[in-house]
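Numbering (our numbering), first residue to last: 541 to 1028. Idealized CB from N, CA, C, for every residue including glycine.
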Amino acid sequence: MIISRSMLLTFLIYIMIITAIGFIAWKSTKNFEDYILGGRKLGPLVTALAAGASDMSGWLLMGLPGAVLISGISESWIAIGLAIGAYLNWKLVAERLLIHTNKHNNNAITLPDYFTYRFDDKEQILRLTSALIILIFFTIYCASGIVAGARLFESTFGINYFISLFLAASTTIIYTFMGGFLAISWTATIQASLMMFALILTPLILIRNNGGILTSIHTIEIKNIAQLNMIHGLSSIAIISLLSWGLGYFGQPHILARFMAADSPSTIRNARRIGMIWMILCLSGAISIGFFAIAFFQKNPHLSPEVLENSEIVFIELTRLLFHPWIAGIILAAILSAVMSTLSGQLLVCASALTKDIYKSFFRKDASQYEMVWVGRLMVLLVSLISVILAFNPSNRVLGLVSYAWAGLGASFGPVVLLSVRWSRMTRNGALSGMLIGTATVVVWKHYSWLGIYEIIPGFILASIAILVVSLLDYQRASKKKQRFIKA
């Protein structure tokens, strides 16, 4: 790909702005709570857009359009499931989790922190177990972000894939290392705005270039009418599996952290409206890009043979082909934004698990705030290095890596979080059994691929059953301990 100076300049300006925000956040970070949760000062706009941007990774602008390009509109079932799951997460979990972590559970600042205080787990078994689960699945998740970023640099600048890995990682590491949660939340607001701009503008230009909506549909119909069918080639199990992606929201620590950082319950309610509008617009845009790109490349097969080899670069190639270099630079920055916003949140969650839930809790209980902040920064570097190593395989696909990590976190933590904020009879042993069974089920089911069912479904169901059964059997004994539950 030949990149113009103006496109490159726009891209570099964006990176400089993000880095500057990281430096400003560095100055505003006074203690470890600031570094991990931004001092719990986020308003509704930042809460909503930060949650959305950290959720919709490079998968939104690369994985989803690429899947629709290959399979057609039937890939939309994932987006439908995600929209439903996100709304239920905002509605059922967000406000209650904020109240439970802020006022009633020793000001918990991480998810393992919350589990420990919620169930009065003096042995800290929940803390260690949940921290290890976070590290396992989030390291894979971080690798998916680095792969997406590497594909962007590789396709845009023609840089070797392995060099692109380090460039993709370093652009995010810099501001996450410096500014922590404040930096990733402030930048996520800009990144979410860029993403929405790109996902609304690109389909409109693509439709105009194709000659209109009806012309686009007619072109697709002539070539392969099956791509217009929502259920073509999909069994009932396949549709349920695609919809089940929505279950993952209840257990994603990088999204739940945004709820915990809001300044009040009323902020959560306002943020829900903003966040859902943003999400629906972005998902619709990503699907539209993949769908109308089918007609575009059928009419112009000579323009980008690379897309046939790797469909996940379709948005990048369309940006190059359709836009003036200055606009193309902004849209490429939006793609990088999707990668950076999620990756930065994941790196910070991993760093917090290593620092607060392992380092301080088990090795340095008297560690100072200054020490904690710097250990957290070093942990960001460590997790980044491991993720880069995992991403070294050039055949990695963004959607595949995200799918596994999403299922693992969703099944391990989703039932635990959902029931812990809504059911007073849940116990420590119930939570522990849910985490372990959810994790084990996802790992085993993924390996054997039984029945073609997405592993989050059996993982979520079996984890929920384990929590309910063990908690009911265990409740009389556990009720003698202090249960920190409040009806929000």
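If you check the beta carbons only, do residue i and residue j fall under 8 Å apart?
| i | j | result |
| --- | --- | --- |
| W599 | V942 | yes |
| S611 | T882 | no |
| L741 | I757 | no |
| L872 | T696 | yes |
| W946 | I779 | no |
| M596 | C822 | yes |
| G954 | G773 | no |
| G788 | I996 | yes |
| T895 | V923 | no |
| R968 | L666 | yes |
| L632 | L796 | no |
| T669 | M975 | yes |
| P841 | E635 | no |
| A708 | I760 | no |
| L782 | G621 | yes |
| M919 | C890 | yes |
| Q1029 | K900 | Outside the modelled stretch of the chain, which goes from 541 to 1028, sits residue 1029, for which no answer is possible. |
| R691 | E852 | yes |
| K986 | Y944 | yes |
Suppose the cutoff is 8 Å on Cβ atoms and the five residues either side in sequence are ignored; what does the same chain contact list for residue i look like?
| i | result |
| --- | --- |
| A560 | none |
| T807 | L582, G583, P584, T587 |
| M770 | I613, S614, S616, W617 |
| M816 | A623, A626, Y627, W630 |
| L637 | Y654, L796, F799, M800, V957, V961 |
| L827 | Checking the sequence shown, residue 827 turns out to be Ile, not Leu. Same-chain partners within the cutoff: L604, P605, V608, I613, E615, S616, A619. |
| A766 | G612, H772, G773 |
Count the other CB atoms, across all protein chains shown, that sit within 10 Å of the CB of residue i; report buried if there are 16 or more and exposed otherwise.
| i | result |
| --- | --- |
| G978 | buried |
| S960 | buried |
| S908 | exposed |
| Y554 | buried |
| F903 | exposed |
| K905 | exposed |
| P845 | exposed |
| V984 | exposed |
| H640 | buried |
| V1009 | exposed |
| W990 | exposed |
| Y654 | buried |
| I558 | buried |
| T727 | buried |
| L972 | buried |
| L739 | buried |
| S775 | exposed |
| L888 | buried |
| L858 | buried |
| L1013 | exposed |
Excluding the 5 residues flanking residue i on each side, which residues of the same chain have their C-beta closer than 6 Å to its C-beta?
| i | result |
| --- | --- |
| G999 | A951, G978, T981, V982 |
| Q886 | F678, Y681, C682, H794 |
| M547 | P865, A868, G869 |
| I856 | S695 |
| I745 | L862 |
| W963 | none |
| G786 | G621, L622, I624, G625 |
| D661 | R968 |
With a cut-off of 8 Å on the beta carbons, I'd call residue i and residue j a contact; round off their distance for me.
| i | j | result |
| --- | --- | --- |
| M1034 | A874 | There is no way to answer for residue 1034, as the model of the chain reaches only from 541 to 1028. |
| A671 | I1007 | Not confirmed; about 19 Å, so no contact. |
| A931 | I676 | Actually they do not touch by this definition, with Cβ atoms about 16 Å apart. |
| V854 | G830 | 7 Å |
| Y627 | S784 | The Cβ separation is near 15 Å, so there is no contact. |
| R798 | A591 | 4 Å |
| I674 | A893 | 5 Å |
| I777 | G948 | Not really, about 20 Å apart at Cβ, beyond 8 Å. |
Let me see if you follow: with CB-CB separation under 8 Å, is residue i close to chain D or not?
| i | result |
| --- | --- |
| A588 | Protein chains in the displayed structure number just one, and chain D is not present. |
Within the present structure, is the beta-carbon of residue i separated from the nearest heavy atom of the ligand PLP by less than 7 Å?
| i | result |
| --- | --- |
| L782 | Ligands are entirely absent from the displayed structure, and the ligand PLP is therefore not among its contents. |
Under 7 Å Cβ to Cβ from residue i, same chain only, skipping five residues before and after it: list those, please.
| i | result |
| --- | --- |
| F693 | I699, S704, L707, A708 |
| A648 | T641, Y654, Y657 |
| F551 | G869, L872, A873 |
| W818 | A588, L589, G592, A732, M736 |
| I753 | I747 |
| V847 | F837, I853, V854, E857 |
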